[in-house]
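Encoded as structure tokens, the structure appears first; notes follow it.
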Ligand code: SIN
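Residue numbers (the numbering used here): 602 to 854.
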């Protein structure tokens with residue numbers, strides 16, 4: 602058993618884990634790590650540099666792995682999403698989103714390892730959707746409680762509740778995002794836009810966020826069921842490479 606500790610990174614979200622080697626995780630460590638993860642929503646592990654097989658093994662402890670419906674994996678490992686980028690060449694992740702929420706059963710957890718960090722920039726922002734829900738007025742909470750929203754991309758479409766209940770914590774989180782959510786069920790895109798924009802804006806307010814500046818070997822995991830994230834593409838023409846292992850999720854309720 603490793604005597605790791607978790608240090609809070611902001612008021613609303615995130616913790617950095619000290620004195621834990623993910624390659625040596627035993628069952629006690631894993632159970633304590635899960636407790637911390639449900640609480641912090643995002644966990645940062647510095648200087649891990651896990652070989653790809655160990656990255657995959659770590660992911661499998663949380664459940665079956667998800668394969669991205671349209672983006673390529675690392676050679677020989679289709680379940681490890683390759684995010685290789687120079688500057689603004691691929692900006693699909695430069696938007697507040699929850700991974701692949703256009704699927705009927707969107708991924709639950711994402712585990713991202715930095716393979717090559719740019720010399721500057723390239724941070725990832727995370728925002729607590731528990732916090733986003735908690736800060737809404739009682740009137741707006743009651744208004745959006747029955748709403749469902751259509752999420753679409755990659756030629757797929759799914760309808761999910763606007764407020765979802767986390768299966769581990771029982772807490773409610775706002776579940777709409779800029780990347781995938783198109784409109785509310787029963788309303789037009791135009792009718793939906795003002796409220797959708799408002800909810801995503803509320804859900805990404807700076808005081809609900811934390812920001813990670815990457816170094817090669819860092820691993821950050823987040824819970825897509827209660828977190829939105831945003832990759833900042835501000836590194837000019839410099840290279841940035843990340844590997845993501847993603848855990849299959851359940852139908853949001
Ligand atoms: C992602 O959106 O899953 C990737 C985030 C990043 O590259 O920082």
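Where a beta carbon is used, it is the ideal one built from N, C-alpha and C, also for glycine.
Helix, strand or coil for residue i? Go by DSSP, reduced to three states.
i	result
residue 658	helix
residue 605	coil
residue 777	coil
residue 827	coil
residue 840	strand
residue 764	strand
residue 616	strand
residue 833	coil
residue 713	strand
residue 783	strand
residue 758	strand
residue 822	strand
residue 793	helix
residue 745	helix
residue 750	strand
residue 737	coil
residue 728	strand
residue 852	coil
residue 772	coil
Pick from the options: whose alpha carbon is nearest that of residue i?
i	options	result
residue 830	614, 726, 717	726
residue 687	849, 852, 846, 833	833
residue 701	724, 714, 718, 667	667
residue 837	853, 795, 720	720
residue 751	730, 616, 780, 696	780
residue 815	672, 728, 605, 844	844
residue 712	790, 822, 850	822
residue 665	697, 710, 682, 699	710
residue 826	729, 618, 683	729
residue 663	638, 759, 789	638
residue 784	753, 611, 805	753
residue 835	693, 777, 722, 674	722
residue 671	661, 660, 693, 658	693
residue 714	685, 612, 760	685
residue 840	716, 738, 605	716
residue 618	792, 848, 607	607
residue 758	703, 788, 787	703
residue 782	609, 705, 724, 611	705
residue 649	661, 640, 624	624
residue 620	613, 627, 626, 605	605
Checklist line | At least 3 beta-carbon pairs within less than 8 Å: the segment 624-635 vs the segment 794-805 | finding: no
Note to self: Would you call the segment 675-688 in contact with the segment 763-775, where contact means no fewer than 3 C-beta pairs closer than 8 Å?
What the structure shows: no
Next item on the list: Could you name each continuous beta strand (DSSP E) segment of 3 residues or more that falls completely within the segment 637-705, going from the start of the chain to the end?
Entry: 643-646, 678-687
Checklist line | Any residue whose CB is nearer than 7 Å to a heavy atom belonging to the ligand SIN, listed in chain order | finding: 684, 694, 698, 700, 711, 713, 725, 830, 832, 843, 845
Next item on the list: Report yes or no: do the segment 651-660 and the segment 772-779 share at least 3 C-beta pairs separated by less than 8 Å?
Entry: no
Margin query: Whether or not the segment 803-810 and the segment 633-647 are in contact is what I'm after, with contact meaning three or more pairs of Cβ atoms, one per stretch, closer than 8 Å; do they touch?
Written below: no
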